[in-house]
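Novice:
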Amino acid sequence: MEEMYLLNYPGVKKKILSGGNGPMPHFPPGTKLVFHFQTLLDNFERTVIDDSRKAKAKVPMEIFVGKMFKMEVWETLLTSMRIGEVAEFWCDAVHTGLYPIVSKGMRLIAQGKDPLEGQRHTCGMGNMFHYNTTGWPELDELMRTPQALIFIMELIQVGDPFSYKRESWIMDKDEKMKEVPSLHLQGNALVRQGCFREAAKKYQEAVVLLRIVLSKEMPGDEDYIAVDRLITPLVLNYCQCMLELEEYYEVLEHTSDLIHKHKDCVKAYYKRAKAHAAVWNEKEAKRDFNMVANLDITLAPLVHKELKFLADRLKEKYWEEKEKYWNCLEQEEKQGKKEEDEEEEDDEGEEGKKGKKEEKEDGESTETKVKDEEESKDNSASSKEEVKHDKQDETGWKKAIEKDGTTITATVKDKAKVKDRTANQATMKDETASRRTESTPETQPETNQSALSVIEGMDWQQKLRHIMFLEKEGNFLLTEQKYSEATRKFKEALEYVDFIQNKMVCYKERREDWDSLEKVRVPITLNLSQCLLELRDYQEVVALNTKLLKKHRDNFKAVYQRARAHSALCNEEEARNDFQKVERLEPRFKPIVNQEMKRLGENLRNKHISDKKNYWEATEEKWGLNGTKTKARKEIARILSVSFWRFAVASTSKWIAPFRSAQEC
1 MEEMYLLNYP GVKKKILSGG NGPMPHFPPG TKLVFHFQTL LDNFERTVID
51 DSRKAKAKVP MEIFVGKMFK MEVWETLLTS MRIGEVAEFW CDAVHTGLYP
101 IVSKGMRLIA QGKDPLEGQR HTCGMGNMFH YNTTGWPELD ELMRTPQALI
151 FIMELIQVGD PFSYKRESWI MDKDEKMKEV PSLHLQGNAL VRQGCFREAA
201 KKYQEAVVLL RIVLSKEMPG DEDYIAVDRL ITPLVLNYCQ CMLELEEYYE
251 VLEHTSDLIH KHKDCVKAYY KRAKAHAAVW NEKEAKRDFN MVANLDITLA
301 PLVHKELKFL ADRLKEKYWE EKEKYWNCLE QEEKQGKKEE DEEEEDDEGE
351 EGKKGKKEEK EDGESTETKV KDEEESKDNS ASSKEEVKHD KQDETGWKKA
401 IEKDGTTITA TVKDKAKVKD RTANQATMKD ETASRRTEST PETQPETNQS
451 ALSVIEGMDW QQKLRHIMFL EKEGNFLLTE QKYSEATRKF KEALEYVDFI
501 QNKMVCYKER REDWDSLEKV RVPITLNLSQ CLLELRDYQE VVALNTKLLK
551 KHRDNFKAVY QRARAHSALC NEEEARNDFQ KVERLEPRFK PIVNQEMKRL
601 GENLRNKHIS DKKNYWEATE EKWGLNGTKT KARKEIARIL SVSFWRFAVA
651 STSKWIAPFR SAQEC
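All the letters of the sequence shown, read from the start, carry residue numbers 1 to 665 under the UniProt record's numbering.
(1) Measure the CB-CB distance between residue 539 and residue 569 and report whether it falls below 9 Å.
(2) Can you look up residue 381 in the DSSP assignment and give me helix, strand or coil?
(3) Rounded to whole angstroms, what is the Cα-Cα separation between residue 54 and residue 47?
(4) Kindly confirm or deny that the region 139 to 151 and the region 185 to 196 touch, where touching means at least three C-beta pairs closer than 8 Å.
(5) Report the start-end ranges of each alpha helix (DSSP H) in the region 534 to 591 that is 4 residues or longer and not cut off at the edges.
(6) Look up residue 407 in the DSSP assignment and say whether it is helix, strand or coil.
(7) First and last residue of the beta strand (DSSP E) that includes residue 89?
(8) Roughly how many angstroms separate the alpha carbons of residue 217 and residue 170, rounded to a whole number?
(9) Could you give the residue range of the beta strand (DSSP E) that holds residue 157?
(10) Three or more C-beta pairs under 8 Å: does that hold for the region 582 to 593 against the region 553 to 562?
(11) Tell me whether residue 282 is buried or exposed, calling it buried when 16 or more other Cβ atoms sit within 10 Å of its Cβ.
(12) Tell me, which residues are paired with residue 48 by DSSP?
(13) Using the beta-carbon count (16 or more within 10 Å), is residue 526 buried or exposed?
(14) Using a Cβ-Cβ cutoff of less than 6 Å, which residues in the same chain neighbour residue 241 once the five nearest sequence positions on both sides are dropped?
(15) Residues bridged to residue 35 by DSSP?
(16) What residues are listed by DSSP as bridge partners for residue 682?
(17) Would you list the residues sitting across from residue 259 in a DSSP beta bridge?
(18) Compare the beta carbon distance of residue 277 and residue 310 with 9 Å and say whether it is the shorter of the two.
(19) Any contact between the region 21 to 37 and the region 151 to 166? By contact I mean 3 or more CB pairs, one from each, below 8 Å.
(20) From the DSSP output, in three-state form, read off residue 206 for me.
(21) Between residue 262 and residue 232, which are expected to be in contact by the criterion C-beta below 8 Å, what is the C-beta distance as a whole number of angstroms?
(22) Where DSSP assigns a beta bridge to residue 18, which residues make up the other side?
(23) With a cut-off of 8 Å on the beta carbons, I'd call residue 234 and residue 207 a contact; round off their distance for me.
(24) How big is the Cα-Cα spacing for residue 516 and residue 464?
(25) Taking all protein chains shown into account, decide if residue 396 is buried (16 or more other Cβ within 10 angstroms of its Cβ) or exposed.
(26) Mapping DSSP to helix, strand and coil, what is residue 13?
(27) Can you list, in chain order, the residues of its chain whose CB lies under 7 Å from that of residue 51, leaving out five sequence neighbours each side?
(28) Under the rule that 16 or more other beta-carbon atoms within 10 Å means buried, what is residue 68, buried or exposed?
(29) Which term fits residue 325, buried or exposed, when burial requires 16 or more other beta carbons within 10 angstroms of its beta carbon?
(30) I think residue 102 touches residue 71, with their Cβ atoms under 8 Å apart; what is that distance to the nearest whole Å?
(31) How would you label residue 376, buried or exposed, when you count the other beta carbons within 10 angstroms and need 16 or more for buried?
(32) For a test of the three-state rule: what should DSSP assign to residue 522, helix, strand or coil?
(33) Between residue 100 and residue 142, is the Cβ-Cβ spacing less than 9 Å?
(34) Taking the straight line between their C-alpha atoms, what separation do you get for residue 304 and residue 312?
(35) Measuring only the C-alpha atoms, how far is residue 524 from residue 468?
(36) Measuring alpha carbon to alpha carbon, tell me which residue in 56, 83 and 15 is nearest residue 21.
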């Protein structure tokens with residue numbers, strides 16, 4: 001057939017190579033067109049640039065009418081054809097300027113790559129100037145010199161707009177809004193069947209559609225608010241599916257976004273709390289669970305159950321980690337002991353060789369000793385005993401040197417010096433032991449001998465780590481209400497702190513270290529006092545907090561605990577003074593102080609009942625026989641003042657009498 005120009009579209013010539021079948025189809029917006037194409041250069045050789053039949057995939061092209069394909073001219077060419085028709089189109093350079101970019105994308109897709117990977121969005125042909133090349137020389141040539149191209153197309157199929165599954169970018173606003181409810185129902189049905197992964201995909205598709213619609217609305221408008229409300233339940237359902245699939249960080253991300261927009265969303269707080277609990281974020285989980293209980297009081301039993309379950313899981317995790325790391329430490333200690341034993345054996349072998357060399361050098365002295373041994377058996381027995389003592393001294397000398405973890409080669413004179421040093425150290429230890437026995441319990445705190453023996457083998461950092469470890473164990477036992485075991489841990493930690501302060505830290509030279517140890521002591525002492533309060537050892541609580549308040553006067557926790565102990569011991573004045581001090585230091589504790597004062601009154605009444613005293617006997621014991629003590633004091637003061645004035649008048653009258661008699665004369 002002869003070439004002909006397309007009507008109302010300049011720069012395009014059409015030549016039908018093979019006629020199609022049937023009438024001219026209708027092409028409404030959204031119609032799916034399936035076709036093969038071949039691209040040729042407009043030269044004498046008619047060089048083939050692209051051919052969809054020769055590609056690796058050998059899959060025909062698909063475009064959708066009215067959806068702004070990059071090569072707009074292709075939509076015009078295909079809508080002028082019948083099904084099964086093959087036509088050749090000549091297109092001017094005006095219509096083929098973007099073909100190199102389209103061809104590059106199709107070639108990357110045929111290779112199984114993403115055409116948008118690493119791409120930057122630029123205007124027009126700016127993408128070419130940024131990357132300098134498309135990767136294919138024939139396309140680079142078309143980029144540099146745009147020219148007319150020839151397209152040979154075969155229209156294979158024309159699909160109705162609703163004959164295929166439409167993707168989100170094909171739908172308009174109304175179609176997207178109609179698709180969301182069906183996706184929601186499909187997701188709910190899949191959840192009932194236990195297919196959480198497939199249900200999550202359905203919810204995700206619905207959320208994507210709504211967010212595309214939301215991006216085209218004005219924030220704050222009625223339509224914007226209505227669409228935003230539809231997103232919330234879908235996101236919550238998606239998070240529930242992710243919880244079932246144990247993808248907790250995905251839940252944390254989406255629920256945090258929801259809470260940022262809707263701060264009163266109870267379900268979002270609950271799901272985020274569950275996710276935090278699953279990934280061992282204890283503080284965040286408790287905070288969110290408490291927020292759920294505050295927002296909806298009816299969920300308080302459920303929150304209490306979840307918090308209890310979280311505490312049980314944390315307890316199990318703690319003991320598992322403790323056993324695991326404790327076994328690791330035991331293995332390391334065993335390996336260290338084996339290495340030390342091997343080093344000791346090697347050192348003994350080296351010292352034995354050196355001893356033989358020294359014996360050879362001192363041959364004369366050894367010969368004389370042998371002669372003396374042959375002369376008398378008594379002398380031989382004494383010499384054997386001396387040798388045994390020397391060996392024992394040598395082993396002791398080795399142990400004294402190896403305590404520092406180093407091996408030293410020394411002469412006989414050096415050995416003698418070391419023996420003197422070890423003897424001096426032994427005498428010093430005996431003196432310190434005698435001092436400890438002479439000291440009273442008031443001046444010297446009770447110490448565990450086994451604990452002190454363990455401390456002496458530790459360095460500074462190991463001791464501090466051990467103290468912190470004991471404190472954590474005690475805190476855990478305190479939360480588990482195992483007060484006697486926690487008391488032992490806290491007491492042991494305090495013994496370690498006392499040992500470091502008394503033996504290793506000089507107050508004048510290392511003031512900062514001393515202060516840091518005091519900061520470590522304060523919370524341990526307060527926790528120990530709390531355990532003793534629960535164990536009803538009130539006298540020790542008073543002693544501990546009194547000692548602590550000498551250095552930290554304004555520590556209201558210590559004052560409060562001492563006040564409670566005084567209240568339990570029915571020391572009314574001391575308890576009232578401490579409670580008043582607590583209220584002065586921390587005014588927010590006023591309601592608690594009022595409750596404690598009521599409890600103090602109940603304790604006093606119970607004591608009077610147990611002592612079989614009535615009200616009058618108790619007041620008489622407290623304020624005296626004739627009313628209150630203040631009245632008695634006032635009466636005494638009045639009597640003293642009257643007697644003083646009488647004495648003053650009498651003494652002045654004695655002095656004035658002679659002068660009066662003289663005046664009368």
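Backbone N, C-alpha and C define an ideal beta-carbon position, used for all residues, glycine too.
Specialist: With the given structure in hand:
(1) yes
(2) Here the model assigns residue 381 a pLDDT of 42, short of 50, so the residue's position is not dependable, and the following value carries that caveat. Residue 381: helix per DSSP, three-state reduction.
(3) 15 Å
(4) no
(5) 538 to 551, 556 to 568 and 572 to 585
(6) No answer about residue 407 holds up, because its pLDDT of 34 lies below 50 and its placement is not dependable.
(7) 86 to 91
(8) 18 Å
(9) 149 to 159
(10) yes
(11) exposed
(12) 40
(13) buried
(14) 196, 199 and 200
(15) 61 and 155
(16) Any answer about residue 682 is impossible in this case: the structure gives the chain only from 1 up to 665.
(17) None, per the DSSP bridge assignment.
(18) yes
(19) yes
(20) helix
(21) 7 Å
(22) 86
(23) 5 Å
(24) 11 Å
(25) Legend: pLDDT at residue 396 = 39, less than 50; position of this residue unreliable, no value from coordinates given.
(26) strand
(27) 38
(28) exposed
(29) exposed
(30) 5 Å
(31) Its pLDDT being 44, under 50, residue 376 is placed unreliably by the model, and the measurement read from it follows with that caveat. Under this definition residue 376 is an exposed residue.
(32) helix
(33) yes
(34) 12 Å
(35) 10 Å
(36) 83
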